[in-house]
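First up is the structure itself, then whatever we jot down about it.
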Amino acid sequence: MQSKTTRRIAGVVLIVIVAMVAFNAFGATL
């Protein structure tokens, strides 16, 4: 396993999760 690839995938997944949570919170506010 390459640490760069794993780190990149983990970063993308983390960004997607944060974006979804922020979008849900923003939608709930509206």
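FYI, the numbering for the sequence shown is 1 to 30, going by the working numbering.
Heads up, the beta-carbon is just placed ideally off N, CA and C, and yes, glycines get one too.
Excluding the 5 residues flanking residue i on each side, which residues of the same chain have their C-beta closer than 6 Å to its C-beta?
{"i": "G11", "result": "none"}
Does DSSP classify residue i as helix, strand or coil?
{"i": "L30", "result": "coil"}
Taking just the CA atoms, how far does residue j sit from residue i?
{"i": "V21", "j": "I15", "result": "10 Å"}
{"i": "T6", "j": "A19", "result": "20 Å"}
{"i": "N24", "j": "K4", "result": "30 Å"}
{"i": "Q2", "j": "L30", "result": "42 Å"}
Within 7 Å: the Cβ of residue i and any heavy atom of the ligand ATP?
{"i": "A19", "result": "You won't find the ligand ATP in this model; it holds no ligand whatsoever."}
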